[in-house]
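Peer 1: Position one of the sequence shown corresponds to residue 1 (the UniProt record's numbering), numbered consecutively onward. Following this message is one structure expressed as C-alpha cells.
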Amino acid sequence: MAAIAPVSATPMYKLDETWPEDASHFKAQIFCTDVLSFGETSEVYVAQRGDVKSKMLVFSENGVLLRSWDTEQIDMPHGVRVRVPVGHGLTEAEIWVTDVGNGRVGCCLKMFDREGTLKTTIGTPGESGTSLNPLQFDQVGDVAFNEAGEMFVVDGDGGMNNRLLKLSTDHNLLWSVGGKGSAPGLFSVPHCVEVDRYGQVWVADRKNRRIQVFHGDTGAYIGEWALDEDVYTARFSADKSHILALQMKVRRILVIAAPKEPGNLGDCEVIDSIQMKEGTQPHLLSVSQSTGAIYVGDIGANTCYKFSPLS
C-alpha cells in the first residue's frame, strides 16, 4: 500500500483560476479531456455528457474556445485520446472517443478528425457484447497508443467486460487479457490505460484500488501498485518523471515517482498530492505534452480545471 504524502512544502502544480476564459461554455458533466500538441498547435479537447448539442469543446491552452462539435455521433463520451500518427501532419490528427452510451451510437470506439467528422468506428454501434471476433465492446472506457501506433483499450467501465485489449495499427485484435476478479491480471472496472516510455501498459484498476502493469508485446502481468482508494486515472507527466493517479472519491490527485527502468516498478512513492475542493468529482485527467499542464474533467461541478506546473 502506498504511503500517502501530504501536499509538498514546494507544490508541483497550481490551479489556474483563469482557465478557461468563459466557463459558461460547459453545459453538462465533463467526463474527459486530452491535449493535442503538434508544432505550434496546442488544443484542449473537453467532452461533455448529457442533453447537449455540443459533445466536444475545443479550447486553446490559454482558455479561449476555438470551436465545438455539434454531433449526433457521440452518445455518452467516457474517455478521449488525441494523436498525430508518426510521419503525418496536423490534418491527419486523430481524436479517439470511447462511447459507453446505450443508444444507437453507443458501445463502441470512434475516431474523429479535428472538426468532429467521424472517420472510423470499432465495434457495432448500439450493440453491447463480449465477442472478440468480431470485436464488440460493452462499457469501453479508455484508449492509449504505443510509439508504433498500436492501440490498447480497456473495456469495462462496469458492464459485462473487464479486459485489456491490444489492437494492431489496422485495428485487428492481437491479444486480450483480464476477466472479473482481484487476482493479478484480473480487473474490477479497468477505467484508464496508459503506455510508458518502455512500451509497458498501465491500467487504473478502479475498484481493486490499484494500478496494474502489463508487457506491451505479450500482455504478461508485470506487477502492480496498491492504493488506498479507488483509482480512476493513471497518466504520465509530460517529462515521464511521475505518474498522476486520480482518486475521485477523496477528490485527490497523487503525484507518484515513476519507475526508472522497465520491468522494475519499485515502490509506489507518493511525492506530492493535489487536493480538490468539496463538491468536486474529478473523473479523468490529461497532460499537455507541450506545457506539462494537467486538465481535469469534473462531473460534480460540470467543469474542467487546469493545473499548471510550478517548475
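Backbone N, C-alpha and C define an ideal beta-carbon position, used for all residues, glycine too. Please read all numbers here as calculations on a predicted model, not as lab measurements.
1. Leaving out five residues before and five after residue 90 in sequence, what residues of the same chain have Cβ atoms less than 8 Å from its Cβ?
2. Beta-carbon within less than 8 Å of residue 50's beta-carbon, same chain only, minus the 5 sequence neighbours each way: which residues are those?
3. Are residue 97 and residue 47 close, meaning C-beta to C-beta below 9 Å?
4. Would you check if the stretch 52-65 and the stretch 98-111 touch, i.e. whether three or more CB-CB distances between them fall below 8 Å?
5. On a Cα-Cα basis, can you pick out the residue from 111, 241, 223, 138 that is closest to residue 189?
6. In this structure, what does DSSP give as the bridge partners for residue 111?
7. Report the rounded CA-to-CA distance for residue 187 versus residue 52, giving the unit in angstroms.
8. Between which two residues does the beta strand (DSSP E) containing residue 242 stretch?
9. Does the Cβ of residue 227 have 16 or more other Cβ atoms within 10 Å, making it buried, or fewer, making it exposed?
10. Do residue 252 and residue 278 have their C-beta atoms closer together than 9 Å?
11. Quick one: is residue 197 buried, meaning 16 or more other Cβ sit within 10 Å of its Cβ, or exposed?
12. Whole angstroms is fine: what's the gap from residue 163's alpha carbon to residue 178's?
13. Is residue 290 closer than 9 Å to residue 16 when the C-beta atoms are compared?
14. For residue 63, which residues of its own chain have a beta-carbon under 6 Å away from its beta-carbon, when the five flanking residues on both sides are left out?
15. With respect to the beta strand (DSSP E) encompassing residue 214, which residues constitute its N-terminal and C-terminal limits?
16. How many Å lie between residue 11 and residue 132 at the Cα?
17. For residue 65, I'd like the list of residues in its chain whose CB is within less than 6 Å of its CB, leaving aside the five on either flank, ordered along the chain.
18. Alpha carbon to alpha carbon, what distance is there between residue 250 and residue 14?
19. Taking residue 284 as the reference, give the member of 306, 200, 310, 213 with the closest Cα.
20. Assign residue 171 to one of three DSSP states: helix, strand, or coil.
21. Can you tell me which of 258, 45, 149 puts its alpha carbon nearest to the alpha carbon of residue 224?
22. Taking the beta strand (DSSP E) that residue 55 belongs to, which residues open and close that run?
23. Identify the continuous beta strand (DSSP E) that holds residue 304 and give its terminal residues.
24. The beta strand (DSSP E) with residue 226 in it runs from where to where?
Peer 2: Looking at the coordinates:
1. 38, 39, 41, 84, 114
2. Cβ within range, chain order: 27, 28, 29.
3. yes
4. no
5. When only C-alpha atoms are compared, the closest one is 138.
6. 96, 120
7. CA-CA distance, residue 187 to residue 52, rounds to 33 Å.
8. Start and end: 242-247.
9. Counting other Cβ atoms within 10 Å of its Cβ, residue 227 reaches 16 or more and is therefore classed as buried.
10. no
11. exposed
12. 4 Å
13. no
14. 19, 20, 21
15. 210-214
16. 45 Å
17. 25, 59
18. 18 Å
19. Nearest neighbour of residue 284 by Cα position, chosen from 306, 200, 310, 213, turns out to be 306.
20. coil
21. 258
22. In this chain, the beta strand (DSSP E) harbouring residue 55 covers 54-60.
23. Annotation for residue 304: the continuous beta strand (DSSP E) segment containing it runs 303-309.
24. 221-226
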